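Below is one structure, written out as structure tokens, with a few remarks after it.
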Amino acid sequence: MVLLEVLLLVLFSQSVCLARILKCSFWEPPFPLQAYLPGDFLIGSITFHGLFISHAITFTEEPPPDSVKKLIMVPKNYQHLLALTFAVKEINESPHILPNHTLGFRVYDSYANARTTCQATLRLLSVKERLVPNYACSIHNNVIAIIGALDSEVSLNMAIFLDIYKIPQKTKGPERLPFYQMVPDETLQYEGILSLLLHFSWTWIGLVFMDNDNGERFLQTVFPMFSKRGVCFAFTKKLPPHTYITNINVMLERGAKIYDKLVNSKANVVVAHGESYSIAIFRWLTYISELNIMTSKLKGKVWIASAQMDFNAFVYQRDWVTGIFHGSLTLRICSNDLPGFKLFEESRNPLSTKGDDFLRIFWQQAFGCRFPASVMNEVEEKICTGKERLESLPGDFFEMSMTGHSYSIYNAVCAVAHAMHAITFPFMLHCILINILVSIFNQLHQFLRGVSFNNSARNKVSFSGKGEVVSGFDVINWKFFSNESFLHMKVGMFDLQASPGQTLTIDEEAITWHHWFNQTRPLSVCTKSCRPGSSKKVKEGEPYCCYNCITCPAGKISNMNDCNPCSDTEYPSKNQDFCLPKTITFLSYEEALGLSLAIPALAFSFITVLVLAVFVKNHRTPIVKANNQKLTYTLLSSLLLCFLCSLLFIGEPQKLTCLLRQTAFVIIFSVALSSVLAKTLLVILAFMATQPGARMRKWLGKEKASAIVLCCSLIQAGICSVWLGTSPPFPDVDLFSMATEIILECNEGSVIMFYCALGYMGLLATISFTVAFLSRKLPSSFNEAKFITFSMLVFCSVWISFVPSYLSTKGKSMVAVEIFSILASSAGLLCCIFLPKCYIIVLRPEQNNKEQLIRRKH
């Protein structure tokens, strides 16, 4: 059974390899570099330190010697190996983790190539120094876990084989793989970048990403995610993979397109996504573009890079400027400096490289020198002494502080060690039976899911149920200087454990922006925000972030995208950007307008009472008798009520006041006008009765005058009764007459009946005015007919002007117009008819006698 399992595993691995065709062919680099430390348990790792560059070969002739592949390193990545070595050293020296066993490692380079990655993976699964997969006859192949590379393509190629053997893979980059990820899921990074964009209101951005499968996944994920939150894309450009680095024509063409787009775009923010070496590739593109395009200079941008990217450089980019990245913001895995790590870095001795094939190559390329054994006689090169100082290297070549990627590697080694420490084996750990090794790997999987520990930096490390490390991201601000050094500062944090809406914390004061922006917050929008009261209209054929601003119509407010009306109880603010509640209003005694109308009403009421008192007191005098005392008292009483009924129009409308105010007004005024009409008729009849042989004496009785007043008043009372019986007035709310007010008013109910009552009152006034006007030249005592004519002229003038004024006003003003008309017309009748008589009675009593009255008649 065991032999059958071995055979099946071998056949399956070979079929997978054949399926990968060229990607899995066993291509041997000129010198297979590795780092090795023996131990009871081995941790495998496939890192990326550089690329092999070679000239194109046409096979028309024998290749020249200089066509051999040459390794071009990214020196900064060497710290990843140092982090792994430091973690293993720390664990082996600790008496609390695996006290009876030692931890070792085997590290190969992927060279960012699928074929070499496949080969390196199979080497990890084989006996040391022998590429024989599935055959392990000694303890030299006790690999218990493998740490993947920074780049997703490398880890994906590794996963094809590791899944067969059930070996846990600890990936440093956020890939979508069924293994353990030392950073949170990649989608969470995108949410962090989106939070940054929304925090700074950057809605017009560019995207730069690698032209590979990972780049396509990035675009397909962020495009709908960002668009849903209002972020638009000015451009999306793909960086060519490293395989094009030697093809100058292709690099020039693609680099020029990206460079032109960056120069001409209004977007001041560029989101970059790619592999660990993507920044180095981009520097290459911009460098060759600047050499060939001298017409325009790339202006400052705010670069936002994902966590797996790093500001590094190839060795040939030693003196290339980095100013375009000044002020960049990147996400970095939350990390702290480890105690003793800096001293460990400084202790590296390139003269003693046992178990580390990378150290000398790193040293030579980082410092631009050669060790004596590798210096060609015909070429004069700088000699490496081994005493060069790492801290003297530019930051994009090497950093003394631990980077986020190195910190992830350190935590990955510690996680495996803690998981192995928790396993209790009932058998010898160096057993070679495959079914037992598979059992060990399965147990390691189970313990890794539940591992939780504090590392030497006192940070907690644990995994979620999906196999992702529970962590967040630091927001890093990068400052680049003219001497090629740089400084990065933590300016914020994206906390995945925080409540929604509080995941991002940022200190804007600590951020240094690119010099182009003069240290003010950059603006990156296609169109500046519309002013308050304007709405957006998307420009045809352009993204929705590019729009024209259109002023909202009156009565509407802008809600960023459209103009919407306020509710009936609200009104737009002055800038038409939000709604304000309408104020409830009515004509009250507390305000100046109501008080200015109430005081005259009371004053004229008091005057009317005084006039009535004067007439009552002097009721036996000739002037009072000559004016028909009963009609005089009726007219004065009705005028008094007219002045008082105007007070019904002031105050908050109630059901009773609404029923009384108009009906009482028209009935009382009808009584007053009927009295004036009766007075005028009596004057005419009195003159006609004095003519010889006149038959009009029988019409001069007091009963006839009372009948006129009663009949005319009953007609108006009948109209009001029909009005109250069919559609009476009621309290109402007017929401629309005034833009900023809710008016409490009395709804007249039937408008027809209201105007019928006013029309009848106008008819009485017209008849009274006509009769008085025709009799104005009659020789009556004290010019009675002339006084009545003038009073009716005032009355008619007031009410003729009332109609257009009433119809053209709204709210409280409409009520005030009616009150004013009542007071003015009533005061006109009072003053024109009664003040001349009061003047004689009070101030000229000697003229108040029968002789004077008769003399004046003649």
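Counting with mature numbering (1 follows the signal peptide of the UniProt record, and there is no 0), you get residues -19 to -1, 1 to 839 for the letters of the sequence shown. Note that the Cβ used here is the ideal one computed from N, Cα and C, for glycine as well. Treat the numbers as computed from the prediction; the structure is a model and nothing was measured.
Its chain contains 178, 212, 214, 215, 248, 250, 251, 252, 505 as the residues whose beta carbon lies nearer than 7 Å to that of residue 186, once the 5 sequence neighbours on both sides are disregarded; these appear in chain order.
Around the beta-carbon of residue 488, fewer than 16 other beta-carbon atoms lie within 10 Å, marking it exposed. Counting along the chain, the unbroken alpha helix (DSSP H) around residue 61 starts and ends at 59 to 74. Apart from the 5 residues on each side of it in sequence, residue 184 sits with its Cβ closer than 8 Å to the Cβ of 178, 211, 212, 213, 505, 506, 507, 526 in its chain, given in chain order. Rounded to whole angstroms, residue 565 and residue 638 show a C-alpha spacing of 19 Å. Pairing residue 29 with residue 73 gives a Cβ-Cβ distance that is not under 8 Å. For residue 325, the closest C-alpha among the options 67, 634, 740, 124 is that of 67. Counting along the chain, no alpha helix (DSSP H) covers residue 724; the unbroken beta strand (DSSP E) around it starts and ends at 722 to 728. It is roughly 43 Å from the alpha-carbon of residue 99 to the alpha-carbon of residue 483. Here residue 587 is exposed. Its C-beta has fewer than 16 other C-beta atoms within 10 Å.
For the 8 Å CB-CB criterion, residue 737 and residue 595 do not form a contact. In this chain, the alpha helix (DSSP H) harbouring residue 614 covers 610 to 626.
For residue 88, the enclosing beta strand (DSSP E) has its first and last residue at 84 to 90. The count of Cβ pairs closer than 8 Å, one atom from the region 333 to 344 and one from the region 317 to 324, stays below three, leaving the stretches out of contact. The way I'd put it, the region 343 to 351 doesn't touch the region 89 to 108; fewer than three beta-carbon pairs between them come closer than 8 Å.
By the Cβ test, the region 791 to 798 is in contact with the region 722 to 729, since at least three Cβ pairs between them sit closer than 8 Å. Judged by DSSP in its simplified three-state form, residue 474 adopts strand.
In the structure shown, residue 290 adopts coil according to DSSP, grouped into three states.
Looking at the backbone, the Cα of residue 789 and that of residue 182 are separated by about 49 Å. According to DSSP, residue pairing for residue 516 in a beta bridge involves 531. Going by C-alpha positions, residue 459 is about 22 Å away from residue 452. Between residue 170 and residue 380 the beta-carbon gap is near 21 Å, outside 8 Å, which marks them as no contact. Nearest neighbour of residue 330 by Cα position, chosen from 575, 468, 371, turns out to be 371. Residue burial is scored here from C-beta neighbours: residue 697 has at least 16 other C-beta atoms within 10 angstroms and is therefore classed as buried. For the options 810, 473, 806, 618, the alpha carbon positioned closest to that of residue 174 is the one of 473. DSSP, reduced to helix, strand and coil, places residue 590 within a helical segment of the structure shown. If you look at residue 600, you'll find it isn't in any alpha helix (DSSP H); DSSP assigns it neither H nor E.
CA-CA distance, residue 125 to residue 209, rounds to 44 Å. Residue nearest to residue 689 within the set 615, 237, 743, 367 is 615 (criterion: CA-CA distance). Taking C-beta atoms under 8 Å as the contact rule, residue 585 and residue 811 qualify, at a distance of about 7 Å. By the criterion of a C-beta distance shorter than 8 Å, residue 534 is surrounded in its chain by 544, once the five residues flanking it on both sides are discounted. Residue pairing by DSSP puts residue 189 in a beta bridge opposite 218, 253. In the DSSP assignment, residue 17 is bridged to 87. The Cβ atoms of residue 31 and residue 84 lie no closer than 8 Å to each other. Under the three-state reduction of DSSP output, residue 54 falls in the strand class.
Contact between residue 255 and residue 220 is confirmed by a C-beta separation of about 6 Å, below the 8 Å threshold.
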